[in-house]
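K.L.:
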Amino acid sequence: MNEMVKPAASDDGIVTCDACPVLCRIRAGRTGACDRYGNVNGKLARLDPFVVTQKIAERSGAMVPFAGKDWDGKLVPGAPTFVTGVGAGTTYPDYKPAPFIVASQYDGVDMVTVVTEGIFSYCGVKVKIDTDRYVGPETAAVRVDGEQVGHVTTAEYGSQMLSIGGVRHLTGGSKKEGVVTCETLLKLCSGEAVAMTVDEGEALTVQAGRPPIIAGAREERMRVGCGSATIGIFAKQWFGHVDEVIVVDDHITGVLTEHQAGRFLDMPLAGIRVRGRKSTPGRYFQVAEPGTGWGGTNVKDPLEIVEKIDPKNAKPGLRLLMVSTTGEHAEYFVLDEQLKPQKAPMPAHLRMTVERIGENCEPALSTVLFMAGAGGSLRAGVTENPVRLTRSVKDALTRVTAGGAPVYVWPGGGITYMVDVTTMPAKSFGHVPTPAIVAPIEFTMRRDDYAALGGHVGSIRRIDDVAKADRLQVQKWHAQGPWPGAPLPKTPAE
Ligand code: SF4
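Quick note on our numbering: the sequence shown kicks off at 45 and runs consecutively.
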């Protein structure tokens with residue numbers, strides 16, 4: 045199949061690329077500003093591999109019609125095949141049908157997949173950083189090379205969150221801000237590490253699927269829970285081995301004998317009062333400032349958070365364990381005759397519980413979700429009546445995927461979706477200098493539904509024809525999520 049796309053060269057051998065608003069004029073043998081298109085023998089050509097994915101494996105098995113030992117990287121005849129948008133090309137400004145509108149069959153159902161590369165200026169990433177360490181104040185600017193590319197947003201349970209990119213940083217600020225934001229998004233979406241700083245916060249390095257580095261320290265563990273949850277989980281294992289446990293946490297510091305878990309076990313109050321604002325019995329907010337010390341606080345010495353020791357309840361010889369929510373920090377104390385806590389060797393059983401806190405922590409990772417709005421002119425490449433595509437997605441007739449990976453489509457207007465970049469094929473993302481991010485997107489539906497929504501049925505091609513593309517790259521289906529070429533399950537009402 046000849047994949048060269050018009051326009052052809054003018055007399056001076058220059059071709060004008062019309063795949064984005066930049067309209068590069070490209071000399072023979074050169075590429076345009078984004079390196080995605082080039083002038084090949086006087087014709088405009090998309091240069092990167094065009095990715096299709098197949099259900100294949102080395103040996104015969106549940107998902108496999110391929111029994112060969114060494115797969116040669118070529119298309120396997122008869123194997124279920126899905127044409128992704130990776131390398132498919134774009135049809136800016138989308139008055140033309142999408143680059144590939146492909147017919148296939150799934151379980152005897154005639155399906156159509158409309159494949160394109162979207163150009164997104166309304167896009168960004170949400171970064172989840174599994175750590176209880178402080179990265180910076182909520183809403184603080186996140187910077188790369190001094191340019192603001194996003195901000196710290198609402199923390200989640202055990203994780204700090206960043207919002208990076210978005211149309212304001214891409215196009216609403218200085219040219220440099222837009223360029224740096226676009227580069228940052230492209231790197232994060234491509235699984236590369238990005239160093240960034242947070243105003244009044246820390247230096248971070250984040251990379252999709254890898255542990256974050258905060259203030260130069262690689263994070264290992266995601267906390268087992270807040271201080272109160274840790275008390276709830278381990279109270280019974282501490283009972284009888286210690287007289288008080290304080291779990292230091294930036295969110296909720298837990299105090300065992302005051303906590304409902306300690307009351308339930310009939311533990312007598314130990315009389316050790318911690319600083320901060322009491323929320324409910326045994327649960328304290330704001331025992332210290334946030335930081336990179338114990339439990340996401342700025343505490344280096346845990347006794348800093350002890351406000352007073354009440355002789356009414358505390359007795360000489362009282363045994364106290366102080367521990368963080370990841371088990372990385374732990375100290376054991378015994379009260380002396382003056383009721384002063386004195387460090388002591390930690391008994392083996394308590395050491396075991398501290399290690400178990402660590403064992404129950406999940407590995408800390410950075411997670412990158414790409415988020416974009418596909419509700420604009422891109423839809424015209426699918427149908428002459430774009431709102432019908434939006435309705436079809438909302439009515440669960442059309443499956444949206446990104447490089448074959450499942451996406452979450454937000455309720456409400458438009459087609460605003462999120463996708464975990466690590467589930468997408470390598471090199472799925474690109475950029476254009478407007479600046480904007482280029483990302484693959486596919487819409488799959490039953491063929492009759494496609495006709496009903498005003499689809500470009502005259503442009504449908506057989507999957508066998510698409511498979512003849514000269515820059516085709518076949519990838520094995522990674523088996524995460526449903527097969528993207530399958531129809532969405534019918535609702536009970538149907
Ligand atoms: S930036 Fe890329 S897509 Fe845009 S016109 Fe230039 S070569 Fe084409």
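Just so you know, even glycine gets a beta-carbon here, dropped at the ideal spot from N, CA and C. Here the structure is a predicted model, which is why all the values come from computation and not from measurement.
Hey, would you say the C-beta of residue 76 is under 8 Å away from at least one heavy atom of the ligand SF4?
P.N.:
Taking the sequence shown and counting its residues from 1, one reaches residue 76 at position 32. Checking the Cβ of residue 76 against the ligand SF4 gives yes.
K.L.:
Can you give me the C-alpha to C-alpha distance between residue 374 and residue 353, rounded to a whole angstrom?
P.N.:
In the sequence shown, counting from the first residue as 1, residue 374 sits at position 330. In the sequence shown, counting from the first residue as 1, residue 353 sits at position 309. Computed Cα separation, rounded: 20 Å.
K.L.:
What residues in its chain sit with their C-beta under 8 Å from that of residue 205, if we drop five residues either side in the sequence?
P.N.:
As a working note, residue 205 is residue 161 in the sequence shown. Sequence-distant partners of residue 205 (beyond 5 residues in either direction) whose C-beta falls short of 8 Å from its own C-beta, in its chain, are 170, 171, 172, 173, 196, 197, 198 and 199.
K.L.:
Buried or exposed for residue 486, going by 16 or more other Cβ atoms inside 10 Å?
P.N.:
Residue mapping note: residue 486 aligns to position 442 of the sequence shown, counting from 1. It counts as buried.
K.L.:
Ends of the beta strand (DSSP E) at residue 539?
P.N.:
Lying outside 45 to 538, the shown extent of the chain, residue 539 is not represented and no answer is given.
K.L.:
Counting Cβ pairs, one atom from each stretch, are 3 or more of them under 8 Å apart for the stretch 146–153 and the stretch 225–239?
P.N.:
Between the stretch 146–153 and the stretch 225–239, the count of Cβ pairs shorter than 8 Å is below three; the stretches do not touch.
K.L.:
Within its chain, find whatever has a CB closer than 7 Å to the CB of residue 29; leave out the 5 residues flanking it on each side and keep chain order.
P.N.:
There is simply no residue 29 to check, as the chain begins at 45 and stops at 538 in what is shown.
K.L.:
If I'm right that residue 478 touches residue 124 with Cβ under 8 Å, what's the distance once you round it to whole angstroms?
P.N.:
Counting from 1 along the sequence shown, the entry for residue 478 is found at position 434. Counting from 1 along the sequence shown, the entry for residue 124 is found at position 80. With 8 Å as the limit, residue 478 and residue 124 do not qualify as a contact, their Cβ atoms being about 37 Å apart.
K.L.:
DSSP three-state call for residue 494: helix, strand or coil?
P.N.:
For the purposes of this step, residue 494 is identified with residue 450 of the sequence shown, where counting begins at 1. The answer is helix: DSSP assigns residue 494 an H, G or I state.
K.L.:
Can you find a heavy atom of the ligand SF4 that lies under 8 Å from the Cβ of residue 230?
P.N.:
Taking the first residue of the sequence shown as position 1, residue 230 is located at position 186. Every heavy atom of the ligand SF4 is 8 Å or more from the Cβ of residue 230, so no.
K.L.:
If I follow the unbroken alpha helix (DSSP H) through residue 382, where does it start and stop?
P.N.:
In the sequence shown, the residue the question calls residue 382 occupies position 338. Segment: none, residue 382 is in no alpha helix (DSSP H) and carries neither H nor E.
K.L.:
Is residue 484 near the ligand SF4, judged by its Cβ being under 8 Å from some heavy atom?
P.N.:
Position 440 of the sequence shown, counted from the start, is the residue given in the question as residue 484. Not so, every heavy atom of the ligand SF4 lies at least 8 Å from the Cβ.
K.L.:
If residue 157 sits next to residue 425, beta carbons under 8 Å apart, how far is it from one beta carbon to the other, in whole angstroms?
P.N.:
As a position in the sequence shown, residue 157 is number 113, starting the count at 1. As a position in the sequence shown, residue 425 is number 381, starting the count at 1. So it is not a contact: roughly 13 Å between Cβ atoms.
K.L.:
Under a three-way DSSP split, which group does residue 347 fall into?
P.N.:
Residue mapping note: residue 347 aligns to position 303 of the sequence shown, counting from 1. Helix, per DSSP.
K.L.:
What is the rounded straight-line gap between the Cα of residue 166 and the Cα of residue 284?
P.N.:
The residue given as residue 166 occupies position 122 in the sequence shown. The residue given as residue 284 occupies position 240 in the sequence shown. When rounded, the distance between both Cα atoms is 58 Å.
K.L.:
Does the stretch 435–451 come within contact of the stretch 464–471, defined as at least 3 CB pairs closer than 8 Å?
P.N.:
Touching, yes.
K.L.:
For residue 226, is the beta carbon positioned less than 8 Å from some heavy atom of the ligand SF4?
P.N.:
Translated into positions along the sequence shown, residue 226 becomes position 182. No; taking the cut-off as 8 Å, the Cβ of residue 226 has no heavy atom of the ligand SF4 nearer than that.
K.L.:
Let me check understanding here. Comparing Cα to Cα, which of 500, 90, 445 and 327 lies closest to residue 432?
P.N.:
Counting from one through the sequence shown, the residue named residue 432 turns up at place 388. Out of 500, 90, 445 and 327, 500 has the C-alpha closest to the C-alpha of residue 432.
K.L.:
Would you mind stating whether residue 193 and residue 245 have Cβ atoms separated by less than 9 Å?
P.N.:
Here residue 193 refers to the residue found at position 149 of the sequence shown. Here residue 245 refers to the residue found at position 201 of the sequence shown. No, Cβ-Cβ distance for residue 193 and residue 245 is not below 9 Å.
K.L.:
Is residue 143 near the ligand SF4, in the sense that its beta carbon is under 8 Å from a heavy atom of that ligand?
P.N.:
Position 99 of the sequence shown holds residue 143. For residue 143, the shortest C-beta to heavy atom distance toward the ligand SF4 is 8 Å or greater.
K.L.:
Compare the beta carbon distance of residue 264 and residue 403 with 9 Å and say whether it is the shorter of the two.
P.N.:
Numbered from 1 along the sequence shown, position 220 holds the residue referred to as residue 264. Numbered from 1 along the sequence shown, position 359 holds the residue referred to as residue 403. In this structure, residue 403 does not lie closer than 9 Å to residue 264 by Cβ.
K.L.:
Is residue 63 near the ligand SF4, with its Cβ less than 8 Å from a heavy atom?
P.N.:
Translated into positions along the sequence shown, residue 63 becomes position 19. At least one heavy atom of the ligand SF4 falls within 8 Å of the beta-carbon of residue 63.
K.L.:
From residue 366 to residue 336, what distance separates their C-alpha atoms?
P.N.:
Here the question's residue 366 lines up with position 322 in the sequence shown. Here the question's residue 336 lines up with position 292 in the sequence shown. C-alpha separation (whole angstroms): 17 Å.
K.L.:
What's the gap between the Cα of residue 106 and the Cα of residue 120?
P.N.:
Position 62 of the sequence shown holds residue 106. Position 76 of the sequence shown holds residue 120. Because residue 106 sits at a pLDDT of 43, beneath the cut-off of 50, its placement in the model cannot be relied upon, and the following sentence gives the value as read from the coordinates. Answer to the nearest angstrom: the Cα atoms are 16 Å apart.
K.L.:
Any contact between the stretch 129–136 and the stretch 80–97? By contact I mean 3 or more CB pairs, one from each, below 8 Å.
P.N.:
As far as the Cβ criterion goes, the stretch 129–136 touches the stretch 80–97, which means the pair count is three or higher.
K.L.:
Can you give me the C-alpha to C-alpha distance between residue 421 and residue 135, rounded to a whole angstrom?
P.N.:
Residue mapping note: residue 421 aligns to position 377 of the sequence shown, counting from 1. Residue mapping note: residue 135 aligns to position 91 of the sequence shown, counting from 1. Computed Cα separation, rounded: 10 Å.
K.L.:
Buried or exposed for residue 393, going by 16 or more other Cβ atoms inside 10 Å?
P.N.:
Along the sequence shown, read from residue 1 onward, the residue named residue 393 stands at position 349. For residue 393, the number of other beta carbons within 10 angstroms of its own is below 16, and it is reported as exposed.
K.L.:
Tell me where the alpha helix (DSSP H) around residue 306 begins and ends.
P.N.:
In the sequence shown, the residue the question calls residue 306 occupies position 262. It spans 304–308 - the alpha helix (DSSP H) in which residue 306 sits, taken as one unbroken run.
K.L.:
What number of angstroms, rounded off, separates the C-alpha of residue 528 from the C-alpha of residue 444?
P.N.:
Translated into positions along the sequence shown, residue 528 becomes position 484. Translated into positions along the sequence shown, residue 444 becomes position 400. Between the alpha carbons of residue 528 and residue 444 lies a gap of roughly 8 Å.
K.L.:
Return yes when at least one heavy atom of the ligand SF4 lies under 8 Å from the C-beta of residue 477, else no.
P.N.:
Counting from one through the sequence shown, the residue named residue 477 turns up at place 433. Checking the Cβ of residue 477 against the ligand SF4 gives yes.
K.L.:
With hydrogens ignored, establish whether the beta-carbon of residue 134 is closer than 8 Å to any heavy atom of the ligand SF4.
P.N.:
The count along the sequence shown starts at 1 and reaches residue 134 at position 90. Checking every heavy atom of the ligand SF4 against the Cβ of residue 134, one is found closer than 8 Å.
K.L.:
Could you check if residue 112 is buried or exposed, using at least 16 other CB atoms within 10 Å of its CB as the buried criterion?
P.N.:
Reading the sequence shown from its first residue, position 68 is the one you call residue 112. The pLDDT assigned to residue 112 is 45, lower than 50, so where the model puts this residue is not dependable; a value taken from the coordinates is nonetheless given after this. The residue is exposed, with fewer than 16 neighbouring Cβ atoms inside 10 Å.
K.L.:
For residue 186 and residue 164, I'd like the C-alpha separation in whole angstroms.
P.N.:
On the sequence shown, residue 186 is found 142 positions in, with the first residue counted as 1. On the sequence shown, residue 164 is found 120 positions in, with the first residue counted as 1. Their Cα atoms are separated by approximately 21 Å.
K.L.:
Going by beta carbon distance, what residues of the same chain come within less than 7 Å of residue 476, once the five residues before and after it are set aside?
P.N.:
Mapped onto the sequence shown, residue 476 falls at position 432. Cβ neighbours of residue 476 beyond the five flanking positions: 64, 66, 78, 163 and 482.
K.L.:
If I follow the unbroken beta strand (DSSP E) through residue 199, where does it start and stop?
P.N.:
Translated into the one-based positions of the sequence shown, residue 199 becomes position 155. Counting along the chain, the beta strand (DSSP E) containing residue 199 begins and ends at 191–200.
K.L.:
The beta strand (DSSP E) spanning residue 416 covers which residue range?
P.N.:
Taking the sequence shown and counting its residues from 1, one reaches residue 416 at position 372. Taken as a continuous stretch (DSSP letters only), the beta strand (DSSP E) holding residue 416 covers 410–417.
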